[in-house]
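Residue numbers (this note's numbering), protein chains in the order written: chain A, 17 to 323; chain B, 17 to 323. Note that beta-carbon positions come from the ideal geometry of N, C-alpha and C, so glycine has one too.
There are 2 protein chains.
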Amino acid sequence: MAHIYDRVALIGLGLIASSMFWAMKRKGLAGEVTGFARSAETRHIAREIGLCDVVYDDIREAVRGADLVVLCVPVGAMGPVMAQIADVLAPGATVTDVGSVKKDVIEKIIPHLPEGVHFIAGHPLAGTEHSGPRAGFAELFDNRWCLLVPVAGSDPAAIARLRSFWEGIGSNVEEMDADHHDLVVAVTSHAPHLIAYTMVGVADDLSRVTDGEVIKYSAGGFRDFTRIAASDPTMWRDVFLTNKEATLEILGRFTEELFALQRAIRQGDGDHLFDYFTRTRAIRRGIIEAGQDTDAADFGRGVGRKP
Amino acid sequence: MAHIYDRVALIGLGLIASSMFWAMKRKGLAGEVTGFARSAETRHIAREIGLCDVVYDDIREAVRGADLVVLCVPVGAMGPVMAQIADVLAPGATVTDVGSVKKDVIEKIIPHLPEGVHFIAGHPLAGTEHSGPRAGFAELFDNRWCLLVPVAGSDPAAIARLRSFWEGIGSNVEEMDADHHDLVVAVTSHAPHLIAYTMVGVADDLSRVTDGEVIKYSAGGFRDFTRIAASDPTMWRDVFLTNKEATLEILGRFTEELFALQRAIRQGDGDHLFDYFTRTRAIRRGIIEAGQDTDAADFGRGVGRKP
């Protein structure tokens, strides 16, 4: 495949950036890939495992001359990072990001955007519970969605090029506006994460049931929650602080619905419960048919194999 | 392996009974296994796939002469089923069950228990989102826990024999009392299921985000909830109706904690969020170390493979 960009700079070298790197290499999407991470340890690991063609100790050196700069830092760091690199961005370059929130990130980045540099916000909907430079793998984005959120005045040619890039990485690409994006991910990602964190916290808190019991007897459903509650704390703190409105709206709807189900339990209204539990099966079926999850029982997690 | 029971009767032929059958055959734990299901269609499928040595159309024939009778019906059906079979139970036989709630089941079964028949309540902590006679497989219980809940006056020899049986099936076995059991599973299974059902219902309800979007963009966390929200509606209706107190207690604690996190989000208290999200990671680690889940990223669900 011909290069889509000559020089791509990855800023922040965690799960997403490292997976992007291996996916770019798999298809030859970039001439050269440079990288920068704030932590010296992360840069050291990146050099050790060959993550990026060159890893720079100076963020401005990493960005210099790049025709694509991908910001892969926590949402709260996007604005400060953009301020640091703005004046070394090459004219005609595209800046994008992979943050889970779009309205706040756009607001923080636009004020620093130099004339002649394109900014197109992005969000690949893919991840695992592992983080850091060693966590990446080339297939992470295959058949997953990447949402692009162009800002007012985004250049159509720059958008088309970034779309080809993400398609080359393995994703399906869709465009939407920032408000809608933030609401969609509040439902499909942010609220579920907060709920999972909460449930795991409650279990950990309950003195009449020990942690040992919670762990031993987790196969009844609880362990599915712990996977997503093991995600990176810094990333998720920033997500909730910056997608406040949409997340609180969905949590409000969730609490309302939970109260209605609690009332049905208290009143012994079996029909209400049965109907509710029947309806939710259809969504699962849709996800399997759309190829967004495995239909292997129990995620095919290797039920029962001795560790 | 020598038979532990000469004749085992499985009443109700869904995921659990069918998995028990294949696990018994794998190790030769029973001389003969009989089966009964209320639905003619289920009995037909069972005969077709060789599930049970004999499938009876009459529940009393299935039970006659069995030295172990395993009730694998929804919790709400345990009492009525026991009433139907009580007078054909052989003296010295053991009756057990696999229901997810223990206090209510014991209360419903004991009044029908004939003199000379042992009842030991049981609960294998294993399952998948699939149900019915075709869903079973021999490995379901391997390295999972089975909780036995002896009742007042349970015969120690009968308990020891049932324990060997479950160990032969592949489980680790622990004994506890009914109240503690019902609280432990409220935390590790019942509350998580209700929460997952609720979240999936909310997503399905939200007119500003379509079902299509919920399905397409589910890889950000939501799909993990849909797996457990696809579980059998009848089973789960009965669980919530019969483990009402413990479930409502845990849901109350959950809501309290969720409100505290919502307040932290509203007030922008990043430290509170960060600390909370850090604490929950340890539980995940414990579950992996205890061999109760896979440490493969994303459950090893084959991230990104095209369907």
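For residue i, does the three-state DSSP call read helix, strand or coil?
{"i": "F13(A)", "result": "One cannot answer for residue 13(A) here, as it falls past the ends of chain A, which runs 17 to 323."}
{"i": "F37(B)", "result": "helix"}
{"i": "H60(B)", "result": "helix"}
{"i": "F181(A)", "result": "helix"}
{"i": "P96(B)", "result": "helix"}
{"i": "G284(A)", "result": "coil"}
{"i": "Y21(B)", "result": "strand"}
{"i": "E145(A)", "result": "coil"}
{"i": "P130(B)", "result": "coil"}
{"i": "D311(B)", "result": "coil"}
{"i": "E155(A)", "result": "coil"}
{"i": "T110(A)", "result": "strand"}
{"i": "K322(A)", "result": "Because K322(A) sits at a pLDDT of 34, beneath the cut-off of 50, its placement in the model cannot be relied upon, and the following sentence gives the value as read from the coordinates. Correct three-state label for K322(A): coil."}
{"i": "P249(A)", "result": "helix"}
{"i": "P172(B)", "result": "helix"}
{"i": "G47(A)", "result": "strand"}
{"i": "P208(A)", "result": "helix"}
{"i": "V167(B)", "result": "coil"}
{"i": "L26(A)", "result": "strand"}
{"i": "I304(B)", "result": "helix"}
{"i": "L105(A)", "result": "coil"}
{"i": "G186(B)", "result": "coil"}
{"i": "A78(B)", "result": "helix"}
Which chain B residues are close to residue i, counting only those with a beta carbon under 7 Å from its beta carbon?
{"i": "S205(A)", "result": "G236, G237 and F238"}
{"i": "V225(A)", "result": "L199, V200 and V203"}
{"i": "G286(A)", "result": "R253 and L257"}
{"i": "W161(A)", "result": "K232 and Y233"}
{"i": "F52(A)", "result": "In chain order: nothing, as chain B lies at least about 24 Å away."}
{"i": "P249(A)", "result": "F290, F293 and T294"}
{"i": "I244(A)", "result": "G237 and D240"}
When you compare only the Cα positions, how much space is there between residue i and residue j?
{"i": "P90(B)", "j": "K260(B)", "result": "15 Å"}
{"i": "S234(B)", "j": "A102(A)", "result": "34 Å"}
{"i": "V133(A)", "j": "I211(A)", "result": "39 Å"}
{"i": "G186(B)", "j": "A142(B)", "result": "11 Å"}
{"i": "I281(A)", "j": "A262(B)", "result": "11 Å"}
{"i": "T226(B)", "j": "K232(B)", "result": "10 Å"}
{"i": "G184(A)", "j": "I175(A)", "result": "14 Å"}
{"i": "V97(B)", "j": "D73(B)", "result": "14 Å"}
{"i": "F238(A)", "j": "D83(A)", "result": "45 Å"}
{"i": "I20(A)", "j": "H60(A)", "result": "28 Å"}
{"i": "A246(A)", "j": "D314(B)", "result": "11 Å"}
{"i": "S55(A)", "j": "L29(A)", "result": "9 Å"}
{"i": "R297(B)", "j": "S34(A)", "result": "22 Å"}
{"i": "G92(B)", "j": "G51(A)", "result": "60 Å"}
If residue i sits next to residue j, beta carbons under 8 Å apart, how far is it from one beta carbon to the other, in whole angstroms?
{"i": "D120(A)", "j": "T258(A)", "result": "4 Å"}
{"i": "V200(B)", "j": "E229(A)", "result": "5 Å"}
{"i": "K118(B)", "j": "H197(B)", "result": "5 Å"}
{"i": "V167(A)", "j": "A207(A)", "result": "Wrong, their Cβ atoms sit about 26 Å apart, outside the cutoff."}
{"i": "F293(B)", "j": "W252(A)", "result": "5 Å"}
{"i": "L274(A)", "j": "T58(B)", "result": "Not quite, the Cβ-Cβ distance comes to about 33 Å (not below 8 Å), so this is no contact."}
{"i": "G236(B)", "j": "T204(A)", "result": "5 Å"}
Output, in chain order, the set of chain A residues within a Cβ distance shorter than 9 Å of residue i.
{"i": "D220(B)", "result": "R295, T296, A298 and I299"}
{"i": "V230(B)", "result": "V200, V203, T204, I299, G302 and I303"}
Take residue i and list the residues in its own chain whose beta-carbon comes closer than 6 Å to its own, dropping the five residues that flank it on each side.
{"i": "T242(A)", "result": "V216"}
{"i": "A219(A)", "result": "V230"}
{"i": "I244(A)", "result": "H209 and A212"}
{"i": "V104(B)", "result": "R76, V79 and R80"}
{"i": "L129(B)", "result": "F135"}
Starting from residue i, find everything on chain B with Cβ-Cβ shorter than 8 Å and list it in chain order.
{"i": "V216(A)", "result": "T296, I299 and R300"}
Might you give, ordered along the chain, the residues of its own chain that have their beta carbon closer than 7 Å to the beta carbon of residue i, omitting 5 neighbours on each side?
{"i": "D171(A)", "result": "H134"}
{"i": "M94(B)", "result": "L87, D113, G115, V121, K124 and I125"}
Mind listing the chain A neighbours of residue i? Cutoff is C-beta to C-beta under 7 Å, in chain order.
{"i": "F241(B)", "result": "P208"}
{"i": "F37(B)", "result": "Simply none; closest approach about 15 Å."}
Closer than 8 Å by C-beta to residue i: which residues in its own chain qualify, once you throw out the five before and the five after it? Chain order, please.
{"i": "E190(B)", "result": "W161, C162, L163 and L164"}
{"i": "T144(A)", "result": "L31, A151 and L156"}
{"i": "R321(A)", "result": "In this predicted model, R321(A) has a pLDDT of only 39, less than 50, meaning its place in the structure is not dependable enough to derive any value."}
{"i": "E48(A)", "result": "D22, R23, V24, D69 and V70"}
{"i": "G307(A)", "result": "N159"}
{"i": "A106(B)", "result": "R80, G81, A82, D83 and V133"}
{"i": "A5(B)", "result": "Limits of chain B in this structure are 17 at one end and 323 at the other, which puts residue 5(B) out of reach."}
Using a cut-off of 8 Å between C-beta atoms, extract the partners of residue i located in chain A.
{"i": "F181(B)", "result": "Those within 8 Å of F181(B) in chain A number zero; the least Cβ separation is about 17 Å."}
{"i": "R150(B)", "result": "Within 8 Å Cβ-Cβ: nothing; R150(B) doesn't reach chain A, min ~11 Å."}
{"i": "L274(B)", "result": "L210, I211, T214, L267 and T271"}
Contact residues within the stretch 64-84 of chain A, judged by C-beta distance below 8 Å to chain D: Considering every chain present, this structure includes no chain D. Its protein chains are A and B.
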